[in-house]
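To convert, count from 1 in the sequence shown and add 2; that's the numbering used here. What follows is a single structure, written as structure tokens, with notes after it.
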Amino acid sequence: MKWQSRWPEMVAQNPSGDPLISLGQTLLRYHKKPMKRLIGVVLLACISAHPQEPKTLPQADERYKADILVMVAHPDDEAAVTPYLARALDEHKRIAVVFCTRGSNGENQAGAEQAAALGAVREIEARNALTTFGISNVWFLSGKDTASQNVLLSLANWGHAETLEETVRFVRLTRPEVILTFLPGTFIGEDHGDHQACGVLATEAFDLAGDPTVFPEQVAGPIKRLPFENLRPWQAKKIYYFPDAEREDIFRGKGPSYSVKEVSKLSGKPYWRMALDAFRSHQTQAKSYLDRIAQMDEAQIEKMATSDDGWGEDQHYVLGKSVVGGSVTADIFEGIAPGVVPFARPEVTPEPRRPDLSAELGGPWSFYAEFRRAHGLANLPHPEPPEIALQAPGTLVIPLWIRNRTAKAQEITISAALPAGWTAENGTGKFIVAAKQMAAHRVEVTLPAPVETPADKTAKKTEPQEVTVRAAANGQVIGEAKLRVELRKRALPQ
Ligand SMILES: [Zn+2]
């Protein structure tokens with residue numbers, strides 16, 4: 003029987019299912035005689051030599067590639083950068099936004115919802131605000147909205163490790179050229195610990211996402227389909243900050259500034275106006291303000307928004323760092339060319355030399371000193387002396403680190419120089435620090451109500467005053483912690 007006539011039967015007996023393999027194997031099986039076997043082999047060789055088209059290997063999804071990744075803490079914080087984003091859209095930049103929390107601890111002016119339900123509402127408000135710019139690549143970390151000025155409290159409440167892993171994932175997913183975020187530091191201002199924590203995470207992710215040994219399971223490749231994410235390491239090129247501080251002097255000249263009054267090529271509106279339009283989504287946070295605006299005509303809106311509300315002020319950015327060079331005050335995208343740059347390990351500043359006996363300010367202040375050293379941010383502006391604004395009457399807590407590297411226990415005397423009417427309640431006097439130990443200590447100061455003169459009856463704050471805590475041993479001062487403290491009628495807890 004000719005093999006062609008047995009074709010259906012041959013295919014039916016073939017377990018592989020592949021027609022080419024089937025044909026070759028079956029020919030060999032059915033043609034035992036030498037001449038027929040040779041014909042079969044030649045035919046098989048002809049079939050195998052048929053050229054295979056090269057297949058393109060899977061690449062990262064271009065729909066999620068961003069030129070700018072914005073990282074902010076709460077829904078409505080994006081308003082700090084929307085005028086710049088409106089400008090960036092004119093330049094066809096792709097933008098992604100990550101919110102670290104859903105703002106579930108905030109107020110609700112629009113409805114009765116609170117806590118997690120409010121967070122769900124605010125997530126939609128933020129998405130709607132960004133949709134007005136056509137930005138839909140918007141994600142939320144699992145951070146819990148934490149009302150305090152202490153960055154370390156926010157990081158503890160969020161689960162620092164988990165939220166950092168999420169942040170690194172979003173950097174690797176969006177592959178940003180530039181990251182924009184809050185300045186990691188503590189200042190007189192709103193000084194929200196969540197804003198600071200967001201800047202801390204973004205900075206850590208800037209330095210870590212390009213390192214294949216960091217969360218390596220994210221970049222393990224498709225060894226098995228699950229649970230590996232098959233992302234790639236990504237080094238962003240620049241990180242810029244916007245400060246959550248009242249003072250502006252120390253940030254001037256540390257990065258580029260942008261007018262918000264120029265008119266968008268895309269919308270025909272000034273950038274500030276596009277930002278205000280987007281902000282209208284945030285009914286839970288500003289319903290009464292937005293209702294007032296809704297009653298105004300265009301001229302009134304422009305007068306109010308550009309004179310009193312800060313919508314018309316230039317936007318200032320602080321260059322955190324760049325791995326592609328460029329001058330400090332140049333445009334954010336100066337020196338940035340498309341493509342991958344090598345992973346850049348941060349340049350760590352050496353540990354400061356300390357005497358054998360020393361004392362210094364602790365808490366968030368010492369954290370930030372270490373943070374700037376660890377992330378190569380030695381030039382990041384920070385106030386000297388350090389500062390804070392607190393609600394008064396109330397309590398100021400001054401954390402201290404006391405180091406004793408000597409071979410014997412040391413008696414340390416702690417004293418405080420305070421403005422009139424302020425009292426040191428706890429933490430002054432004599433203390434023993436054991437040999438070769440580092441001790442944590444705190445001084446608590448009771449703050450009086452701000453003194454009002456008839457002229458400042460309507461003022462919500464007073465001029466900052468200086469507090470000094472001194473540590474001495476063997477008759478010698480071993481360290482001083484200075485703080486500038488402003489008393490206010492309202493401020494976030496320390
Ligand atoms: Zn906020």
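Don't be surprised by glycine CBs; every beta carbon is placed ideally from N, CA and C. Small disclaimer: the values here were computed from a predicted structure and weren't measured.
Return the residue from the list Val487, Leu359, Val479 that minimises the CA-CA distance to Leu449.
Considering only Val487, Leu359, Val479, the residue with the shortest C-alpha distance to Leu449 is Val487.
Check the C-beta distance from Asp316 over to Val262 and give it rounded, since I have them as a contact under 8 Å.
That belief holds up - the Cβ atoms of Asp316 and Val262 are roughly 7 Å apart, short of 8 Å.
Count the other C-beta atoms from every protein chain shown that fall within 10 angstroms of the C-beta of Lys239, then say buried if there are 16 or more, exposed otherwise.
With 16 or more Cβ atoms within 10 Å of its Cβ, Lys239 is classed as buried.
Please give the ranges of any beta strand (DSSP E) in the segment 305-375, keeping only runs that are unbroken, at least 3 residues long and fully inside the region.
Here the runs fully enclosed are 320-324, 359-363.
Given a cut-off of 9 Å on the beta-carbon distance, is the pair Arg249 and Gly191 in contact?
Taking 9 Å as the cut-off, the Cβ atoms of Arg249 and Gly191 count as close.
What does the Cβ neighbour count give for Met73, buried or exposed, with the cut at 16 atoms within 10 Å?
A buried status is given to Met73, since no fewer than 16 other beta-carbon atoms sit within 10 Å of its beta-carbon.
Is the beta carbon of Phe142 less than 9 Å from the beta carbon of Phe101?
Closer than 9 Å, so yes.
Please go through the segment 68-95 and give each complete beta strand (DSSP E) segment of 3 or more residues, from N-terminal end onward.
List check, beta strand (DSSP E) in window: 70-74.
Between Ala222, Ala204, Pro224, Glu219, which lies nearest to Gln237 when the distance is taken from Cα to Cα?
Relative to the Cα of Gln237, the nearest Cα in the group Ala222, Ala204, Pro224, Glu219 belongs to Ala204.
Cβ-heavy atom distance between Asp63 and ligand 1 below 8 Å?
Taking 8 Å as the cut-off, the C-beta of Asp63 does not count as close to any heavy atom of ligand 1.
Would you mind listing the beta strand (DSSP E) stretches within the segment 195-245 that are 3+ residues and don't spill past its ends, in chain order?
Taken in chain order, the unbroken stretches of beta strand (DSSP E) that lie wholly in the segment 195-245 and span 3 residues or more are 240-244.
Exposed unless 16 or more other CB atoms sit within 10 angstroms - verdict on Leu268:
By the 16-neighbour rule on beta-carbons within 10 angstroms, Leu268 is exposed.
Look up Arg490 in the DSSP assignment and say whether it is helix, strand or coil.
Note: Arg490 maps to strand in three-state DSSP.
Could you tell me the alpha carbon to alpha carbon distance between Val44 and Ile137, rounded to whole angstroms?
No answer about Val44 holds up, because its pLDDT of 47 lies below 50 and its placement is not dependable.
So, at 8 Å on beta carbons, what are the nonlocal neighbours of Pro421 in its own chain, with the 5 sequence-adjacent residues on each side left out?
Cβ within range, chain order: Gln467, Glu468, Val469.
Using DSSP with H/G/I as helix, E/B as strand and the rest coil, what is Phe189?
Of the three classes helix, strand and coil, the one that applies to Phe189 here is coil, per DSSP.
Three-state class that DSSP yields for Met276 in the structure shown
In the structure shown, Met276 sits in a helix (DSSP, three-state: H, G or I).
Any heavy atom of ligand 1 closer than 8 Å to the beta-carbon of Val74?
Because some heavy atom of ligand 1 lies under 8 Å away, the Cβ of Val74 counts as near it: yes.
Identify the continuous beta strand (DSSP E) that holds Leu398 and give its terminal residues.
Its beta strand (DSSP E) spans residues 396-406.
Count the other CB atoms, across all protein chains shown, that sit within 10 Å of the CB of Gly477; report buried if there are 16 or more and exposed otherwise.
Around the C-beta of Gly477, fewer than 16 other C-beta atoms lie within 10 Å, and the residue is accordingly described as exposed.
Which term fits Gln287, buried or exposed, when burial requires 16 or more other beta carbons within 10 angstroms of its beta carbon?
Result: buried.
Option nearest Tyr242 by Cα separation, candidates Ala474, Glu427, Pro383, Ile126
Comparing Cα positions, the closest option is Pro383.
Let's see if you can read the secondary structure: which residues bound the beta strand (DSSP E) around Thr183?
Counting along the chain, the beta strand (DSSP E) containing Thr183 begins and ends at 180-184.
Between the CA atoms of Thr58 and Gln27 - distance to the nearest angstrom
Because Gln27 sits at a pLDDT of 44, beneath the cut-off of 50, its placement in the model cannot be relied upon, and the point is left open.
Check this for me: beta carbons of Phe244 and Tyr319, under 9 Å apart or not?
Taking 9 Å as the Cβ cut-off, Phe244 and Tyr319 qualify as a contacting pair.
Which of helix, strand or coil DSSP assigns to Ser144
DSSP places Ser144 in the strand class (E or B) of the three-state scheme.
Since Gly201 and Thr183 are thought to touch, with beta carbons under 8 Å apart, how far apart are those beta carbons, to the nearest angstrom?
The Cβ separation is near 5 Å, so the contact holds.
If we count the other Cβ atoms within 10 Å of its Cβ and call it buried at 16 or more, is Pro366 buried or exposed?
Around the beta carbon of Pro366, 16 or more other beta carbons lie within 10 angstroms, which makes this residue buried.
DSSP state of Lys289, grouped into three classes?
Helix, per DSSP.
Let me check understanding here. Comparing Cα to Cα, which of Ala437, Trp424, Ala418, Asn232 lies closest to Arg405?
Checked all of Ala437, Trp424, Ala418, Asn232; the closest Cα to Arg405 is Ala437.
If you drop the 5 nearest sequence neighbours on each side, which residues of the same chain put their C-beta closer than 6 Å to that of Asp293?
Excluding residues within five positions, none has a Cβ falling inside 6 Å.
Let me know the secondary structure DSSP gives Arg177 once reduced to three states.
Coil at Arg177, not helix or strand.
Count the CB pairs spanning the segment 407-424 and the segment 371-383 that are closer than 8 Å, and state whether there are at least three.
No, the segment 407-424 is not in contact with the segment 371-383.
Contact test: His194 Cβ vs ligand 1 heavy atom, cutoff 8 Å
At least one heavy atom of ligand 1 is nearer than 8 Å to the Cβ of His194, so yes.
Is Ala436 helix, strand or coil by DSSP?
Three-state result, Ala436: coil.
Opposite Gln393 in the DSSP bridges: which residues?
DSSP lists Arg490 as partners of Gln393.
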